[in-house]
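Residue numbers (the numbering used here): 48 to 186.
First up is the structure itself, then whatever we jot down about it.
Listed below in structure tokens is the structure:
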């Protein structure tokens, strides 16, 4: 886990730097996504499982502006951990879920709740536009 003191300044015109919490059990995917988010000017906290993310939030007081999670994590579902984070922080935080399987009740449940779903492999341009849109909606 690396959380830089300040984000690099590679934002698009009109974009806003955000604190983003990423959960993904696939180490290489997690590292790649975290690095690209930092390159785009965001502050990132990244975890392979939801329990580590919850502990970090509790111990460090990290309050993310955006959550990005794989639907399935090593220690449960991203949906459950996002719910726990939102409850713990008592805050409405947008979330993006990533999946390799675009069908099923989980996807419908996520979309019904107003969260975004991106299909793997996630194209960087689609990820960036979704993140930018959600962060701008906060402000």
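C-beta: ideal position from N, C-alpha, C; glycine also.
- In this structure, residue 145 sits near residue 169, with a CB-CB distance shorter than 7 Å.
- CA-CA distance, residue 94 to residue 69, rounds to 6 Å.
- In this structure, residue 114 keeps its C-beta atom at 7 Å or more from the C-beta atom of residue 65.
- Looking from the CA of residue 174, the closest CA among 106, 84, 63 belongs to 84.
- Cβ-Cβ separation between residue 153 and residue 118: approximately 6 Å, consistent with a contact (criterion under 8 Å).
- Distance from the CA of residue 131 to the CA of residue 108, rounded to the nearest whole angstrom, comes to 15 Å.
- When secondary structure is reduced to three states using DSSP, residue 79 falls in the helix class.
- Of the residues assessed, residue 77 falls on the buried side of the cut-off, its CB having 16 or more other CB atoms within 10 angstroms.
- As computed with DSSP, residue 120 is found in a beta bridge with 123.
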